[in-house]
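All remarks here apply to the structure that follows.
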Amino acid sequence: MVDSEGMGSKAFKINLEEYKSVFVVGDLHGDFEIFQKIVKVWGKEKNSCLIFLGDYADRGANGLEIIESLMELEGENVVKLKGNHEDYSPFGQPKFYPCTLIQEVNRKYNWNTYFEQKLLPFLSSLYLAAYIPTQILFVHGGVSSKIKGIKDLIRPTKEIEEDLLWSDPVECEGERPNMRGAGVEFGEDIS
Numbered sequence: 184m185v186d187s188e189g190m191g192s193k194a195f196k197i198n199l200e201e202y203k204s205v206f207v208v209g210d211l212h213g214d215f216e217i218f219q220k221i222v223k224v225w226g227k228e229k230n231s232c233l234i235f236l237g238d239y240a241d242r243g244a245n246g247l248e249i250i251e252s253l254m255e256l257e258g259e260n261v262v263k264l265k266g267n268h269e270d271y272s273p274f275g276q277p278k279f280y281p282c283t284l285i286q287e288v289n290r291k292y293n294w295n296t297y298f299e300q301k302l303l304p305f306l307s308s309l310y311l312a313a314y315i316p317t318q319i320l321f322v323h324g325g326v327s328s329k330i331k332g333i334k335d336l337i338r339p340t341k342e343i344e345e346d347l348l349w350s351d352p353v354e355c356e357g358e359r360p361n362m363r364g365a366g367v368e369f370g371e372d373i374s
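Here the working numbering is used: the first residue of the sequence shown is 184, the next is one more, and so on.
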């Protein structure tokens with residue numbers, strides 16, 4: 184698997200011919216036990232790709248452990264996407280609620296120091312999308328009519344990034360504003 188789009192790309196291209204299987208992991212929200220089980224099962228598979236779709240912390244008790252484990256989990260066959268619970272200002276202010284990660288971090292470290300030295304570099308390394316050309320698009324939230332092609336995922340605008348993190352599928356035609364105030368609600372015709 185090679186990120187052929189170059190450094191700074193926010194979309195990761197997956198060459199399916201390299202893998203016998205692809206593991207896709209949705210929201211973990213601090214469930215470290217499930218995270219460990221998934222990594223253990225995946226580790227037994229040869230030639231497999233592991234894609235995390237984001238939302239590693241908050242709600243559950245062990246988001247910090249998941250994030251620190253993800254920081255160490257490296258390899259060309261591990262793809263980590265950004266979810267809306269990884270959406271922070273450059274100064275460490277969450278753009279979502281609830282945010283329990285701050286309290287988790289403060290039990291062990293100082294939030295401002297940890298955010299600047301550890302979390303911000305990790306968040307900056309996360310992709311917004313992964314894709315298998317002409318087959319599958321992996322994102323945390325959803326899509327919108329603003330996305331016209333892969334180039335919009337490789338170097339997304341702030342508006343497209345918000346849609347990828349916050350949009351939700353619904354039974355409707357087209358798209359409409361998301362009731363959560365960020366992203367859109369989109370119908371099957373958009374996806």
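No residue lacks a Cβ here, since even glycine has one placed at the ideal position from N, Cα and C. Please read all numbers here as calculations on a predicted model, not as lab measurements.
inquiry  = So for leucine 320, helix, strand or coil by DSSP?
reply    = It is a strand residue.
ask   = Is there contact between the region 337-352 and the region 291-307, where contact requires at least three CB pairs shorter than 8 Å?
value = No, because fewer than three Cβ pairs between the region 337-352 and the region 291-307 fall closer than 8 Å, the two stretches do not touch.
message = In this structure, how does DSSP classify serine 231 when only helix, strand and coil are distinguished?
response = Three-state DSSP puts serine 231 in a strand.
query = Which residue from Leu256, Lys223, Gly266 and Asn260 puts its Cα closest to that of histidine 212?
reply = Distances from the CA of histidine 212 to each of Leu256, Lys223, Gly266 and Asn260 were compared; the closest alpha carbon is that of Gly266.
query = Going by DSSP, what residues sit across from glutamate 354 in a beta bridge?
reply = According to DSSP, which records beta bridges pairwise, glutamate 354 is partnered with nothing at all.
task = Starting from the N-terminal side, write out each stretch of the beta strand (DSSP E) that is 3 residues or longer and does not extend beyond the region 218-268.
result = For the region 218-268, whole beta strand (DSSP E) runs of length 3 or above, ordered along the chain, are 231-235 and 261-263.
key: Inter-stretch contact at 8 Å, needing at least 3 Cβ pairs: the region 207-224 / the region 245-265   = Touching, per the Cβ criterion.
task = Check whether the Cβ atoms of glutamine 311 and leucine 347 lie closer than 7 Å to each other.
result = It should be noted that the sequence gives leucine, not glutamine, for residue 311. Their beta carbons are under 7 Å apart, which means leucine 311 touches leucine 347 by this criterion.
request  = Indicate the three-state DSSP secondary structure (helix, strand or coil) for valine 326 in the structure shown.
outcome  = If DSSP states are grouped into helix, strand and coil, valine 326 belongs with coil.
query = At a cut of 8 Å, does the region 312-327 reach the region 188-207 through at least three beta carbon pairs?
reply = Touching, per the Cβ criterion.
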